[in-house]
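> Pasting in a structure now, in structure tokens, and then I'll have a few things to ask.
In UniProt numbering, the protein residues as written are 1 to 367.
Right under this line is the structure:
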């Protein structure tokens, strides 16, 4: 497996131009970031980034390509997970204690430019977000103009509501390109733990691929944070799996689950997903040397309590029905920088995960 080398991250600097309207944001971001051109040849999803040397292309990460693919008709699509990509204005209030991050870099007007640049750079067919409290004033109006259909489901008791002049509750959001998929069904799920309703939520949607007619279930979630809540997270994960078992008709519909699980691979909730009857595998194992290990980190930050580096974010997929064609490489320690995340270069304390998937050929299909 060959991995291309990622470009160096830009040096921290001053603030970026403020974008005042939907039209100005789209035009300005497209000009600064460049556009991602996608060529679908023989069913493969081939990505080439056309750039002008400014913006997100300076932060390009290496992509690992999958080799040894089975030839045949494969309908490909891309999926972006901004797991823990906190798009909430609460981050700028200092409540997360990112002691090495300049206050200016935490401001929403600064961070939204970087977040939207990533969307324009990778242009996924499906986009999953967590900790979103700018759905109605930013993400929905912008992404709808790019052809996406979106859904938002807020937390019942969002901590964002405790912030002065808040923008409303945060929650999960799911977007898909209407030119690639059409919506079949949608479910907003308030997760339970040991029969108790919790503050964590999920969205699960069944989509139909317009090119092939094949169906796919996409789910996004964000489980309970903090050490000491491992059993609680496991119960939430069990509830989510039971809901998805029903929605996918007992795994008859291929499934992708994206989210910030707030759990290392050693936790019980991870093991539940890995051993589920839904036959799930974790897509980012692709980046490991043996193809069996998770990345060393998906979040890396410095708080008043010290520096912490964890793997908490995952893209789970139905391994019999789907194949991972490629995955976006994670940032190196040098690219992240000594102040860690977030920063003037990277808007979240978690790294975005991006994968290309394809449907496997159905058993019994004519050759």
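Heads up, the beta-carbon is just placed ideally off N, CA and C, and yes, glycines get one too.
Note that this is a predicted model, so its numbers are computed, not measured.
Please list, in chain order, all residues of the same chain as residue 349 whose beta carbon is under 6 Å from its beta carbon, the five residues on each side excluded.
Closer than 6 Å at Cβ, skipping near neighbours: 299, 301, 341, 342.
> Where does residue 138 fall in DSSP's three states?
helix
> Considering only their Cβ atoms, is the gap separating residue 205 from residue 179 smaller than 7 Å?
no
> Would residue 237 and residue 269 be called neighbours here (beta carbons separated by less than 7 Å)?
Yes, they are a contact pair.
> Can you give the Cα-Cα distance for residue 339 and residue 306, rounded to whole angstroms?
12 Å
> Rank 226, 311, 128, 195 by C-alpha distance to the C-alpha of residue 256 and give the top, closest one.
128
> Using the DSSP secondary-structure output, state which residues sit across from residue 256 in a beta bridge.
218, 317
> Please list the segments of the beta strand (DSSP E) lying wholly inside the stretch 152–217, counting only runs of 3 or more residues, in order along the chain.
171–177, 181–193, 196–209
> Helix, strand or coil, according to DSSP, for residue 355 in the structure here?
strand
> Of the choices 308, 148, 109, 131, whose alpha-carbon is the least far from that of residue 120?
148
> Looking at the unbroken alpha helix (DSSP H) that takes in residue 281, where does it start and where does it end?
Looking at the DSSP string, residue 281 is not in any alpha helix (DSSP H); the run it does join, the beta strand (DSSP E), is 280–282.
> State the Cα-Cα distance for the pair residue 131 and residue 252, rounded to the nearest angstrom.
30 Å
> Are there 16 or more other CB atoms within 10 angstroms of the CB of residue 207, so buried, or fewer, so exposed?
buried
> Taking DSSP as the reference, what is the three-state secondary structure of residue 238?
helix
> Taking its Cβ as the centre, do 16 or more other Cβ atoms sit within 10 Å of residue 98, making it buried, or is it exposed?
buried
> Measuring straight from C-alpha to C-alpha, what distance separates residue 352 and residue 125?
15 Å
> Can you give me the Cβ contacts of residue 193 inside the same chain, cut-off strictly under 6 Å, excluding the 5 residues immediately before and after it?
232, 235, 236
> Mark residue 254 as exposed unless 16 or more other C-beta atoms lie within 10 angstroms of its C-beta, in which case mark it buried.
buried
> Looking at the structure shown, is residue 294 part of a helix, part of a strand, or coil, going by DSSP?
Coil, per DSSP.
> I need the DSSP call for residue 301, collapsed to helix, strand or coil.
In this structure, residue 301 counts as strand in the three-state DSSP scheme.
> Hey, out of 118, 266, 327, 141, whose CA is closest to residue 354's CA?
327
> Relative to the C-alpha of residue 331, which candidate in 164, 297, 215 has its C-alpha closest?
297
> Just how far apart, CA to CA, sit residue 106 and residue 335?
19 Å
> When DSSP labels each residue in this structure, what does residue 273 get in the three-state scheme?
helix
> Can you find a CB in chain C that lies within less than 7 Å of the CB of residue 153?
Of the protein chains in the structure, only one exists, and it is not chain C.
> Does the stretch 273–284 come within contact of the stretch 166–184, defined as at least 3 CB pairs closer than 8 Å?
no
> Measuring only from the beta carbon, is residue 279 closer than 6 Å to any heavy atom that is part of the ligand NAP?
In terms of ligand content, the structure shown is empty, and the ligand NAP therefore cannot be addressed.
> Looking only at its own chain, which residues have a Cβ that is under 6 Å from the Cβ of residue 168, when we skip the five neighbours before and after it?
133
> Start and end of the beta strand (DSSP E) containing residue 129?
Counting along the chain, residue 129 sits inside the beta strand (DSSP E) bounded by residues 126–132.
> Considering only residues of the same chain and omitting the five flanking positions on each side of residue 241, which have a CB-CB separation below 8 Å?
272, 273, 276, 278
> Classify residue 371 as helix, strand or coil using the three-state DSSP reduction.
Outside the shown range of the chain (1 to 367) lies residue 371, about which nothing can therefore be said.
> Grab me the residues of residue 53's own chain with a C-beta within less than 7 Å of its C-beta, minus the 5 sequence neighbours each way, in chain order.
Because the pLDDT at residue 53 is just 25, under 50, the model does not fix this residue reliably, and the value given afterwards should be weighed accordingly. Within the same chain, no residue comes within 7 Å of residue 53 by CB-CB distance, once the 5 residues on both sides are set aside.
> For residue 303, which residues from the same chain have a beta carbon less than 8 Å from its beta carbon, with the 5 sequence-adjacent residues on both sides left out?
Excluding residues within five positions, the ones whose Cβ falls inside 8 Å are 96, 97, 98, 99.
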